[in-house]
Structure formats: C-alpha cells, structure tokens
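Novice: Residues in the sequence shown are numbered from 1 upward in steps of one, following our numbering.
For every residue, glycine included, the Cβ atom is placed at its ideal position computed from N, Cα and C.
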Amino acid sequence: RGDIIDLVPAHEELAVRIEFFGSEIESLHTFDINTGEIFGVEEYAFVYPARQFVAEDEKMKTAMLAIENELAGRLNLLRADNRMLEARRLEERTRYDLEMIKELGYCSGIENYSRHISGRNPGERPYCLLDYFPKDYLVVIDESHVTLPQIRGMYGGDRSRKTILVDYGFRLPSALDNRPLRFDEFEEIVPQTVCISATPGDYELLRSGGVVVEQLVRPTGLLDPVVEMRPVRGQIDNLLGEIRRHCSRGHKALVMTMTKRMAEDLHDFFRKAGIRSRYLHSEIKSLERMQILRELRVGEIDVLVGVNLLREGLDLPEVSLVAILDADKEGFLRNTRSLMQIAGRAARNVEGFVLLYADKVTRSIREVLDETERRRRIQQQYNEEHGIVPRSIIKSVDQVLDTTSVADAEERFRRKRFGLEPKSERLLAGVLDSITPEEGHVMAEEMRVEMYEAALQMEYEKAAYLRDEITKLEQALQKMPSGEQS
Numbered sequence: 001r002g003d004i005i006d007l008v009p010a011h012e013e014l015a016v017r018i019e020f021f022g023s024e025i026e027s028l029h030t031f032d033i034n035t036g037e038i039f040g041v042e043e044y045a046f047v048y049p050a051r052q053f054v055a056e057d058e059k060m061k062t063a064m065l066a067i068e069n070e071l072a073g074r075l076n077l078l079r080a081d082n083r084m085l086e087a088r089r090l091e092e093r094t095r096y097d098l099e100m101i102k103e104l105g106y107c108s109g110i111e112n113y114s115r116h117i118s119g120r121n122p123g124e125r126p127y128c129l130l131d132y133f134p135k136d137y138l139v140v141i142d143e144s145h146v147t148l149p150q151i152r153g154m155y156g157g158d159r160s161r162k163t164i165l166v167d168y169g170f171r172l173p174s175a176l177d178n179r180p181l182r183f184d185e186f187e188e189i190v191p192q193t194v195c196i197s198a199t200p201g202d203y204e205l206l207r208s209g210g211v212v213v214e215q216l217v218r219p220t221g222l223l224d225p226v227v228e229m230r231p232v233r234g235q236i237d238n239l240l241g242e243i244r245r246h247c248s249r250g251h252k253a254l255v256m257t258m259t260k261r262m263a264e265d266l267h268d269f270f271r272k273a274g275i276r277s278r279y280l281h282s283e284i285k286s287l288e289r290m291q292i293l294r295e296l297r298v299g300e301i302d303v304l305v306g307v308n309l310l311r312e313g314l315d316l317p318e319v320s321l322v323a324i325l326d327a328d329k330e331g332f333l334r335n336t337r338s339l340m341q342i343a344g345r346a347a348r349n350v351e352g353f354v355l356l357y358a359d360k361v362t363r364s365i366r367e368v369l370d371e372t373e374r375r376r377r378i379q380q381q382y383n384e385e386h387g388i389v390p391r392s393i394i395k396s397v398d399q400v401l402d403t404t405s406v407a408d409a410e411e412r413f414r415r416k417r418f419g420l421e422p423k424s425e426r427l428l429a430g431v432l433d434s435i436t437p438e439e440g441h442v443m444a445e446e447m448r449v450e451m452y453e454a455a456l457q458m459e460y461e462k463a464a465y466l467r468d469e470i471t472k473l474e475q476a477l478q479k480m481p482s483g484e485q486s
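1) Over what stretch of residues does the beta strand (DSSP E) that includes residue 277 continue unbroken?
2) Based on DSSP bridge pairs, tell me the residues matched to residue 6.
3) For the alpha helix (DSSP H) holding residue 245, just list the boundary residues, first then last.
4) Within 10 angstroms of the Cβ of residue 72, are there 16 or more other Cβ atoms? Answer buried if so, exposed if not.
5) Let's test the definition: count the other Cβ atoms within 10 Å of the Cβ of residue 460 and tell me whether it reaches 16, buried, or not, exposed.
6) As a quick exercise: from 21, 8 and 19, pick the residue whose alpha carbon is nearest that of residue 537.
7) Tell me the DSSP bridge mates of residue 252?
8) Which residue wins for smallest C-alpha separation from residue 111, given the options 162, 136 and 82?
9) Take residue 471 and list the residues in its own chain whose beta-carbon comes closer than 7 Å to its own, dropping the five residues that flank it on each side.
10) What does DSSP give as the partner residues of residue 267 in its beta bridges?
11) Would you kindly report the start and end of the unbroken beta strand (DSSP E) that includes residue 29?
12) Helix, strand or coil: which one does DSSP assign to residue 433?
13) Quick one: using the 10 Å Cβ neighbour count with 16 as the cut-off for buried, is residue 205 buried or exposed?
14) Look at the alpha carbon of residue 152 and the alpha carbon of residue 253, and state the distance between them as a whole number of angstroms.
15) Which residue or residues does DSSP assign as beta-bridge partners of residue 230?
16) Below 8 Å, can you find three or more Cβ-Cβ pairs linking the region 267-286 to the region 345-352?
17) On the three-state DSSP scale, how would you describe residue 38?
18) Could you check which residue in 235, 208 and 84 has the C-alpha nearest to that of residue 167?
19) Given a threshold of 16 other Cβ atoms within 10 Å of its Cβ, counted over all protein chains shown, does residue 92 qualify as buried or as exposed?
20) Measuring straight from C-alpha to C-alpha, what distance separates residue 262 and residue 339?
21) Which same chain residues, not among the five before or five after residue 312, have their C-beta less than 7 Å away from its C-beta?
22) Quick one: what does DSSP say residue 336 is sitting in, helix, strand or coil?
23) According to DSSP, simplified to helix, strand and coil, what is residue 324?
24) Answer yes or no: do residue 251 and residue 325 have a C-beta to C-beta separation smaller than 9 Å?
25) Please report the distance separating the alpha-carbon of residue 186 from that of residue 230.
26) Consult DSSP for residue 151 and reduce its assignment to one of helix, strand or coil.
27) Closest by CA to residue 23, which one among 3, 294, 86 and 40?
28) What three-state label does DSSP hand residue 163 in the structure shown?
29) Verify whether the separation of the beta carbon atoms of residue 29 and residue 43 is less than 9 Å.
30) Could you work out which residue in 232, 221, 302 and 264 is closest to residue 248 when comparing CA atoms only?
31) If the criterion is Cβ atoms closer than 9 Å, does the pair residue 122 and residue 174 meet it?
32) Which residues in the same chain as residue 292 place their Cβ atom closer than 8 Å to its Cβ, once the five residues preceding and following it in sequence are excluded?
Below, the structure written as structure tokens:
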C-alpha cells in the first residue's frame, strides 16, 4: 500500500511491516497478523524465500519438457506391465504439478523435480551447502562416533522411502535424485576433517592413520568418575541407598535400564519410596524431554530413569551418580562406547560415581574399567603437577533456565501474546526458590486482577491461562514449609 510493504512469513506468528521514505527504509515493525497490533520497532529483519527451488523461465521450460519426456517413458513401462492404477495416479499427479509450475512458477513438492531444474544427469550427486564453501575450509565433526553413521545412513533411509513412492506411481524415478549425499560423495567433497569424540569409532581410527590427539585434562581439573562394579543380587535396594546418599548432598542421579517397561516400573518404585523421579525413553516427545531435563536441573526431580537417550552431549553438572543396570548384557546398549558415554554423564561433578550392576566382567566392562583408570591416572598427575584443585561446574537457576529455554518456547510466546510481566514469566517458569512467600501471594493477587480484567474484555483464552497459572502458584505456595509462609 503506497510506501508500506507487509511481509507475512509462513513460518512466523508475527508479520513485518516495512515503511519506505522514497527508496530508503524508514522503519521496521512487527505486528500481529490477525489484529494488526504493533509489537515493536526492529533494527533489522530476516526474510527467507518462500520457495527454495526457483529458476528463470527458460530453465523452467527446459525442465518441464524433460519432465514430460520422463513421464511419457514411465507411463509406457507401467502400462506395458499392466499397472494401470499406478500409471493413472502418476499421470494425474505429474500433469497437475506441470500446470502449477506453468501458471505459478512452482508446485508443492517441486524439489522432487530438482534434477531436471538444475540440469543434472541421472544419478549425479545433488548440490548442497558444502558446494558454497571455499576450497580450504575445515570440517569439524562433533560426536563423530554417532554423527558419521548418521551421515552414512541418510542416503539409504531416503532411498528406501522414495523407492516405494516411485514403485506405486506417486513420483517419477527422477525424484530419487532429490536425495542426501552418499557417504562416498561426502568423503569426496569434504577437505581436511577433525573428528571429535570421547569414544571414536573404527572408521575414524582407521582414517586418521594413527594421528590421534587425546585431550584428557579438563579446565575445571575434574577427573573421570570412579567406576565400581557391584553384584546384581539386591541391586535395587543397594541403588536406592546410593541415590539417597547422593541426593542428601543436593546431587542428582541417572539410572539406565535395558527396556522402556523396566524404566517405567523402576520410576514407579522410586516414587513409592519417596524419591522424586521421572522416566525418559523414545516415546517421550522432544519438547517434553527438554522439560524433564530442566526439571532435573532446577531441582524439581532428583532421579532420571532412562534407556539409551542419555548417551552423549548432555551437560548435567548436577549429576554425581550414574547407575547402569544389567551392565553385563552385551549389545549396542552395553558395548564399550555406550558404557563410556553413559559414564561420562557423571564426569561434570567432582563427586562423580558410576555403578555397574553385573555378575560377570564382560570385555566391554573390562575395557571401560581399564580406560577410566588410565584417564584418571593422567588427570590426577596433571593436577598434582600444576596445583589444580578439581571443582564442579556450578550454574545458577537463571543460567539453567537460559540454557534450557527452548523447553518453554511455546509458553514464552503465550506470555508475550498475553502481555504478562517479566516477573510473572520468571515465576511461572517454575522457579519459586528466588521469591519469598509474601511475593508469591502478592503476585497471585495481581494475576487474579489481570484474570478478571481479561474476562471483562472477553479475552477468555488469556483469562483461562491466568486462572491455571494462579492455581499452580497457590499449590506451590501451600507446599512451602509452614515457617516460610506469611
């Protein structure tokens, strides 16, 4: 409209309004798409393309001709094989896509025609982000023992899914060329590479040709945790005692089981025994998983029971005890690398302790015990030579909330939408330790006034949200020790 352009990104809740003065941008605003309410003035805004596969008209015409030719050949094959249903399905889908490309310049799923649009030959590797890097860049692969197998498996997983689509007439065979890189293609285009892992795989060790750099010394002076093996008989009672001992010092514990059912049953047992615990396995959604981890870190729970979701990359300095049940059951959950990674969850606490419950010393257990002892010996010697006193990583509740902020991204958006004050937001994040009971009661009254005002303005969603938060707050205040309440 005149000198104003409104951009409405498909992936955002807020739109961007650009106001021009002549050929220069005068101001940028974010505003609500539905109400038009201005949320704020911005210094800059990121604008991403709505479609990734865009090409000039001549290239699109050439691509459409190539798609027509491929379609004709594929239909002949399907009809010759008496697969009329697949032929009709493929023709209808492809003709519709071609019409959309002709009229609009794109269609849904246009990436499946990327081979024709980019002019590649059948089977030729697709273009990727790595093609835009300079020739002398350095690739650093973190947690390489997991990352490299994932890169290797991407091509196979993608192809098995798309082969079904091609076989049943949902896509042309050229859709198979819209794919991830094969592992040999990845190896061919990446230059010098550094693989980082506490438990490198056979591939990394073989490709490095013996050029391995060990970094065993930590800036905090922390040693690898002590690893102890105990018998399976009476393991649950023994574990319960260890958990209480560690939790009495304000620490947390991780318990690893073999199955999801076992994790849930053990969680129920701990709850009945008065231990604040949660379980974590593959059926827990990603967002809920992060919320559970945050509960552990801010002190709402003391024990986390899991299967194999805690193997690498988790920063949990509050954890001082890691217990591994059925440690002698050899398999991918209890091989050397898995045991080392699980044990590493206790390596961020000065009192880190790992319990392996097993009746026999397997090869994996022996390797873990030997490697841990070797690392501890080197770390201890270094600390003595340099006068370093090991100390745990200590983070405040605010720092924990900052590092786990993605866990309540949806909540933060709702608070911003409903205009809740920062102090209320901080409280509703679950941090009651930083306020007094008096402040809590005052805040509840303020929120109750907001709730009534929202109801009078017919903002019923906001009112219901505030009602639920007031209930949570009052329940939390009731649980405070009687001496702390006003």
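Specialist: Let me lay it out:
1) 277-280
2) 17
3) 235-247
4) exposed
5) exposed
6) Past the edges of the chain, shown from 1 to 486, lies residue 537, and the structure says nothing about it.
7) 319
8) 162
9) none
10) Answer is none; residue 267 lacks a bridge partner.
11) 24-32
12) Summary for residue 433: the model assigns pLDDT 48, below 50, so the residue's position carries little reliability, and this model does not support an answer.
13) Counting Cβ neighbours within 10 Å, residue 205 comes out exposed, since fewer than 16 surround it.
14) 34 Å
15) Under the DSSP definition of a beta bridge, residue 230 partners with 357.
16) Counting Cβ pairs under 8 Å, fewer than three are found: no touch.
17) strand
18) Ranking the options by Cα distance to residue 167, first place goes to 84.
19) Here residue 92 is exposed, its C-beta having fewer than 16 other C-beta atoms within 10 Å.
20) Our two residues, residue 262 and residue 339, have alpha carbons roughly 18 Å apart in a direct line.
21) With a pLDDT of 44 at residue 312, under the threshold of 50, the modelled position of that residue is not reliable, and the figure given next carries that caveat. 143, 146 and 341, listed in sequence order.
22) helix
23) Three-state result, residue 324: strand.
24) Not in contact: residue 251 and residue 325 (Cβ atoms no closer than 9 Å).
25) 45 Å
26) helix
27) The residue with the shortest Cα to Cα distance from residue 23 is 3.
28) helix
29) no
30) For residue 248, the closest of 232, 221, 302 and 264 by C-alpha to C-alpha distance is 302.
31) yes
32) 278, 280, 284, 301 and 304
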